[in-house]
Structure formats: structure tokens, C-alpha cells
Amino acid sequence: MTRTFLFLMLLVALTGCLGASDGGSRSGMAGKLVKQYGGEKTRPDKVAERRIVLLHPKSGERLNLTYYTQGQYDPDAMKKIDVLFRDRNANEIGKIDPELIDYLVDIRSRLGLPPSVVFEILSGYRSQASNDKLRLINGQAAKESFHIHGWAVDFRIKKVNGKAISEIAKTMQRGGVSYYPSSNHVHVDLGNIRTWATK
Ligand SMILES: [Zn+2]
């Protein structure tokens, strides 16, 4: 009786070990770091769901959603993101590249912040007319044409230093990154890997 019990215990322990090693190899396959020239570049985990919390501070519009699930971008969630990222001056909705949202999510991971962290979106999509207008008022907008294509976003995270966010974003080598000290916001885009000085 006792021997049978011990045998069963041993079997349970062994099964537990096998289970653990299987889990380990699976998470290994879903590893996020890919070696690149000049540094490591993050790639989104293809399996895991991607969630984000977005806020347009001026209007208070807020989204808390899963935009990527079961290996696919959710078109309805992306439509909601397009609306939040709209050009509010021209009242025009553009198409936001899902990889831009992935960029934000991966910046969040690199910073070790939880999925519940709120991204304050200051500017997303811009119509050509709005961008031209901004360029006239403020020279800083000249390099921001990626907003026209839905490939750029200006954002900040409360209580997190924008400079630190921009430094992390630069190491990821996904596109353009710039820090705006006057408003503590960061611009990231999916264009060429570059940075520029701003006020
Ligand atoms: Zn920008």
C-alpha cells in the first residue's frame, strides 16, 4: 500500500517536471529578441494577445482594448484606434498602421510597464492640409510627414520621463524617434531610423 503510494507520488513528480520543461521550450520559441546590426530589435510575440490603453487627454476619449488576438489584428479594434488617432483639426479619420501600435506596446514592455499603463495620444493621423498648416506655424512639423501616412504618433506616459522613453525607443531601431522637452512628449514613427533635435 505504502509502496504504491510512493510510486504514485514519484509519477506525479515526474509528470510535473515534464510539464515544466515543455512550458520552458514554448516560451523559448516565442522569444522576443532578434539580433540586428548595431543592437537588439524587439519583435512582437506572434502568439500573445496585444492590449493597449489609449487616451486623448484633451477630449478624455479613452480606449482599453485587445487589438491583436489569435495571431491576427482585430479590424474592429483597429477601426476604434483610427477614430481616436483622427485628425481633430480637419475632422478626418486616417488609417493607422498596426505596427505603430506594436511599437508602443513593445516600448511599454521594454520599460517594464504593465499593459494597464495609459498612453496619452497628443497627435496621430494628420491630413496633408493640417500638416502643411503646422509646418507654417512651427518648423518642427516639417519632419513629421509620417503622420500623414498613419505611421507616426506623438505621445507621453504620465509619470514617465519622455527622455527615458525616447532613449529606449531609439535602441529598438524601428524608425524615427524624437523627444520634445517642452511638452515631455515623444514622437515615434515607422520611417527611417533617425533622430533630430527639438525644443
Ligand atoms: Zn510627431
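Position 111 of the sequence shown, counted from 1, bears residue number 152 in the working numbering, the numbering being contiguous throughout.
Cβ atoms here follow ideal geometry from the backbone N, Cα and C, with glycine treated the same way.
This one's a predicted model, so the numbers in the text were calculated from it and none came from an experiment.
Specify, as a first and last residue, the run of the alpha helix (DSSP H) that residue i falls within.
| i | result |
| --- | --- |
| I122 | P116 to L125 |
Span of the beta strand (DSSP E) holding residue i?
| i | result |
| --- | --- |
| N105 | E102 to T110 |
In the DSSP output, which residue or residues are listed as bridge partners for residue i?
| i | result |
| --- | --- |
| L95 | L104 and F160 |
| D128 | E133 |
message: Just to confirm the assignment: which complete alpha helix (DSSP H) runs, minimum length 4, are found wholly within the stretch 151-239?
response: Runs found: 169-178 and 203-212.
message: Would you call the stretch 157-167 in contact with the stretch 188-207, where contact means no fewer than 3 C-beta pairs closer than 8 Å?
response: Result yes; three or more Cβ-Cβ pairs closer than 8 Å.
Inter-stretch contact (C-beta, 8 Å, three-pair minimum) for the stretch 149-160 and the stretch 202-221: Yes, since at least three Cβ pairs between the stretch 149-160 and the stretch 202-221 fall closer than 8 Å, the two stretches touch.
- prompt: Can we say the stretch 96-106 touches the stretch 142-149, given the rule of at least three CB pairs closer than 8 Å?
  reply: The stretch 96-106 is not in contact with the stretch 142-149.
query: With contact counted as at least three CB pairs below 8 Å, one residue from each stretch, are the stretch 102-117 and the stretch 127-134 in contact?
result: The stretch 102-117, when compared against the stretch 127-134, does not touch it at the 8 Å Cβ threshold.
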